[in-house]
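Number 490 in UniProt numbering belongs to position 490 of the sequence shown; there are no gaps in the numbering. Each residue gets a CB set at the ideal place from its N, CA and C atoms; glycine is no exception. Note that the coordinates shown come from a computational prediction; the quantities given were computed from them, not determined experimentally. Worksheet: the structure to be examined is printed underneath.
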Amino acid sequence: MSYKLSQLAPLPELKHVHIGKTIGHGGFGVVKSAVFEKNGVSKVIAVKFVHLDMARQQNITTDMLAREAFIQRECRHPNVIQLIDFGADINWVWFAMELGSNGELFDKIEPDLGVDEDVAQFYFKQLINAVSFIHSKGVAHRDIKPENLVIDKNGNLKLTDFGLASVFKKKNGSKRMCTTACGSPPYLAPEVVSQKYDPEPSDVWSCCIVLFVLLTGQIAWEMPHEEDADFRFYMERKGEVLISPWNKIPLGALSLLRKVLVLEPLDRLGIEDIKRHPWVAKKNKFADQNGMCKDPMRLTTSLLVNLYINLSDAEFNKISQMSTQISRSAAGTQPPKYVMDDTQPAEIYKENFRPIGGFSASQEVYTEHSKRRKLKEDLGDDDLIFATISKDPASLQFLNTNSVVNRERLINAKMSNLRIEQQRYPALFAESLTRFFSTVALDQLLITILEALSKLGLRSYLGEDDSELYVENLRKNDLLSGVITIPINGRDSSKAPIVGNIKVSRMADNLDVRKVEFLKIKADPLEWRRVFKRVTILCRDVVYVEK
């Protein structure tokens with residue numbers, strides 16, 4: 001069953017904190033951006049609210065949440081999300097945290113392609129540094145996966161979500177084994193699902209699966225068990241796999257993976273050995289002497305080069321003819337029909353805090369309106385639309401060039417301009433890249449989206465198969481103003497759930513241009529990116545592309 005926030009007890013009003021918009025969802029809570037103001041100083045943060053009754057239904061107790069807060073508070077490191085404060089009332093537990101202002105790392109990873117080797121090495125080293133530090137504190141994370149790796153405004157990786165973390169080592173050095181099987185199946189070490197296990201080498205295994213996905217844009221297997229054909233094939237050949245996607249991995253990284261992804265935990269390279277491995281130890285062009293990002297724009301360019309959405313006839317026909325791989329979820333798990341934005345249950349939770357210099361648009365209210373009204377005084381509608389959309393890095397996904405080299409040059413040139421715009425208008429930089437823009441009439445836009453979802457088996461309601469009739473009914477009921485949310489609910493090719501929303505919102509007052517955002521609630525990040533690409537390609541006739 002799904003709930004709107006307005007159906008639950010009001011969120012607590014926190015001292016010195018102005019709550020903003022919803023930036024994440026979980027099984028029993030939400031994450032909101034917020035502004036912390038005290039003594040004339042303002043800082044944009046994230047606040048995770050956990051609903052206690054819903055948590056208890058998942059066997060999560062208040063003591064467990066308090067332990068999560070205690071563990072995260074003790075793990076202060078440049079590559080770990082910092083816990084600022086923690087509290088509770090009769091209905092909610094809340095965590096005030098540092099904000100990973102550029103969203104999940106894997107929102108920037110192209111499925112089946114991955115990232116450049118230098119980018120993968122840079123982020124892997126930061127992940128290893130984070131895990132090495134928490135292990136030195138006696139803490140194992142036990143849930144290292146893409147969703148728990150976020151990027152800050154300076155381009156650095158941050159490890160987050162300590163809900164499954166465990167203290168396995170005491171200050172006197174004595175260790176205990178873990179017995180709880182937890183984590184995401186593709187990233188688990190094989191011993192986690194079968195026996196007592198040492199969480200240190202299991203965390204290291206998960207880090208290397210993350211590296212595999214960074215380099216290939218694919219998971220290595222669905223579960224590390226002999227019943228999984230891909231895992232069995234790898235183990236039978238003792239890692240000597242020469243078929244795709246293994247044959248796409250650079251030799252240095254492949255050498256590392258083969259020394260960590262071994263069945264016996266005691267035979268795996270440890271953290272310190274990984275740091276000394278030649279592929280890991282070599283100098284990285286994105287890193288300063290402390291291992292932190294020295295040029296966020298250059299790093300962003302390298303990530304964006306591979307994030308290309310091809311709207312050609314060939315790609316459109318390929319997606320159109322694709323047999324449906326995402327099956328419709330059971331009726332009992334359907335989210336509500338199309339609803340207005342329900343992330344603001346009360347007046348005090350509306351997105352009403354002011355812009356703060358140095359932070360991206362996703363951390364603030366949607367307040368570009370005032371800036372764009374000013375632009376409108378000097379520009380016509382077409383020029384204003386171009387001026388507005390071209391400042392959003394998501395638009396770079398649609399740049400059509402003849403080669404990767406030309407695409408990199410073009411993105412480099414545009415990123416130079418975006419660097420200037422970021423300094424002038426930090427609100428123009430958004431969190432997620434899974435979005436497109438449209439200037440067509442709202443009716444046509446909605447009908448096109450609905451039909452694309454139907455074709456992909458992602459319509460999240462029963463009946464109302466006539467998209468035009470459904471949109472007309474929305475119009476008659478005056479439901480086409482404001483923000484429109486279209487639920488997505490289905491399953492990917494491995495039968496894992498895909499749940500999220502498409503949010504359609506007007507970008508500026510008196511300007512017919514809309515932002516279409518794909519907001520993930522529950523899905524593998526690579527699968528969510530695939531959904532976004534497929535829907536966007538099927539909607540190509542309504543997608544704004546820079547000429």
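For residue i, which option in the options has the closest C-alpha, if you only look at C-alpha atoms?
i	options	result
ASN406	THR301, LYS275, ALA229, PRO525	THR301
residue 548	CYS293, LEU433, ILE134, GLY490	With the chain covering only 1 through 547, there is no way to say anything about residue 548.
LYS285	PHE122, GLY173, ALA253, SER194	PHE122
HIS77	ASN102, ASN156, LYS145, VAL31	ASN156
ALA501	PHE233, ILE144, GLY40, GLY24	A quick correction: the sequence has Asn, not Ala, at residue 501. If we check each option's Cα against that of ASN501, GLY24 comes out closest.
PHE133	SER184, GLY183, ILE81	ILE81
LYS196	THR536, PRO265, LYS283	PRO265
LEU113	LEU303, LEU164, SER493	LEU303
LEU159	LYS169, ASN148, ALA165, LYS153	ASN148
MET415	VAL115, THR401, ASP392, PHE398	ASP392
ALA88	ASN79, ASN39, THR62, LEU215	THR62
residue 548	LYS145, GLU517, LYS153, ASP107	Coverage of the chain is limited to positions 1 through 547, which leaves residue 548 absent and any answer about it impossible.
MET235	PRO190, ILE109, ASP524	PRO190
ASP161	LEU445, VAL131, ALA229, GLN444	VAL131
VAL41	LYS21, HIS16, ARG56	HIS16
GLN72	GLY252, ASN489, VAL167	VAL167
PHE398	LEU469, LEU311, GLN321, ASP524	LEU311
LEU299	ARG237, ILE109, ARG491, ALA165	ILE109
PRO455	VAL516, SER494, LEU519, GLY490	Note on identity: in this sequence residue 455 is Lys, with Pro being the wrong assignment. Nearest of VAL516, SER494, LEU519, GLY490 to LYS455, Cα basis: GLY490.
ILE498	ARG268, CYS75, GLU74, ALA523	ALA523
TRP92	ALA55, ASP288, GLU472	ALA55
PRO487	LEU474, LEU511, LYS520, MET64	LYS520
Among residues of its own chain, excluding the 5 on either side of residue i, which ones have a beta-carbon nearer than 8 Å to its beta-carbon?
i	result
VAL513	ILE385, THR388, ILE389, PHE437, SER438, THR439, ARG506, MET507, TYR544
MET340	Residue confidence is low: MET340 scores 27 on pLDDT, short of 50, so the model does not pin down where it sits. No coordinate-derived value is stated.
ILE84	PHE36, ILE45, ALA96, MET97, GLU98
ALA281	LYS275
HIS369	The pLDDT assigned to HIS369 is 38, lower than 50, so where the model puts this residue is not dependable, and the model offers no usable value.
ARG270	Looking at the sequence provided, one finds Gly at residue 270 rather than Arg. Within the same chain, GLY270 has close Cβ partners GLU200, PRO201, VAL204.
ALA69	LEU83, PHE86, PHE95
ARG232	GLU226
LYS171	GLY138
ALA496	ALA523, ASP524, GLU527
LYS38	HIS16
Output needed for residue i: all residues of its chain with C-beta closer than 7 Å, excluding positions within five of it in sequence on either side, in chain order.
i	result
GLY291	LYS125, GLN126, ASN129
VAL305	VAL404, ARG407, GLU408, ILE411
LYS374	Note on LYS374: pLDDT 42, under 50, position unreliable in the model; the coordinate value appears next. Cβ within range, chain order: n/a, list empty.
PRO111	GLY217, LEU526, ARG529, ARG530
CYS539	THR448, ILE449, ALA452
GLN58	GLY27, PHE28
GLU315	ILE537
LEU396	LEU304, ILE411, LYS414
LEU8	HIS51
ASP228	TRP221, GLU222
ALA219	Here the sequence assigns Ile to residue 219, which means Ala is not the residue at that position. Only PRO186, VAL213 meet the Cβ criterion.
LEU105	TYR123, PRO146, LEU149, VAL150, ILE151, LEU157
ASP295	PHE286
ILE319	ARG534, ILE537, LEU538
Skipping 5 residues on each side, what residues in its chain have a beta carbon closer than 6 Å to that of residue i?
i	result
PRO250	GLU117
ASP541	none
ARG258	GLY239
LEU14	none
SER323	Below a pLDDT of 50, predicted positions are generally treated as unreliable, and SER323, at 49, falls in that range; no measurement from the model is reported.
LYS43	PHE36
VAL535	ALA452
PRO336	Note on PRO336: pLDDT 37, under 50, position unreliable in the model; no value is reported.
LYS547	none
Could you round the C-beta distance between residue i and residue j to whole angstroms and report it? I think they count as a contact, below 8 Å.
i	j	result
MET223	ASP198	With a Cβ gap of about 20 Å, MET223 and ASP198 do not count as contacting.
LEU307	LEU433	6 Å
CYS309	LYS533	Note on identity: in this sequence residue 309 is Ile, with Cys being the wrong assignment. Going by Cβ atoms, the distance from ILE309 to LYS533 rounds to 6 Å, so yes, they are a contact pair.
TRP221	LEU256	Wrong, their Cβ atoms sit about 18 Å apart, outside the cutoff.
THR150	GLY103	The displayed chain sequence assigns Val, not Thr, to residue 150. Between GLY103 and VAL150 the Cβ distance is about 6 Å, and since that is below 8 Å, they are a contact.
HIS225	VAL193	7 Å
LEU458	VAL504	Not confirmed; about 16 Å, so no contact.
CYS182	ASP143	7 Å
LEU215	ALA253	6 Å
If you measure from the beta carbon of residue i to each beta carbon in chain B, is any gap under 8 Å?
i	result
GLU117	The question asks about chain B, but that chain is absent: this structure has only one protein chain.
Is the segment 138 to 146 in contact with the segment 41 to 53, if contact means three or more CB pairs nearer than 8 Å? Too few Cβ pairs lie closer than 8 Å, so no.
Uninterrupted alpha helix (DSSP H) stretches inside the segment 266 to 303 (no shorter than 4 residues): With a minimum length of 4 residues, the continuous alpha helix (DSSP H) runs that stay inside the segment 266 to 303 are 271 to 276, 278 to 281.
Threshold first: 4 residues or longer. Then list the alpha helix (DSSP H) segments lying entirely within the segment 112 to 172, N to C. Taken in chain order, the complete alpha helix (DSSP H) segments of 4 or more residues contained in the segment 112 to 172 are 117 to 136.
Mind listing, in chain order, the continuous alpha helix (DSSP H) runs of no fewer than 4 residues lying wholly within the segment 185 to 251? If only complete runs of 4 or more residues are kept, the segment 185 to 251 shows the alpha helix (DSSP H) at 199 to 216, 229 to 236, in order along the chain.
Unbroken stretches of the beta strand (DSSP E), 3 residues or longer, contained in the segment 35 to 105: Counting only runs of at least 3 residues, the segment 35 to 105 fully encloses the following beta strand (DSSP E) elements, listed from N- to C-terminal order: 41 to 51, 83 to 88, 92 to 97.
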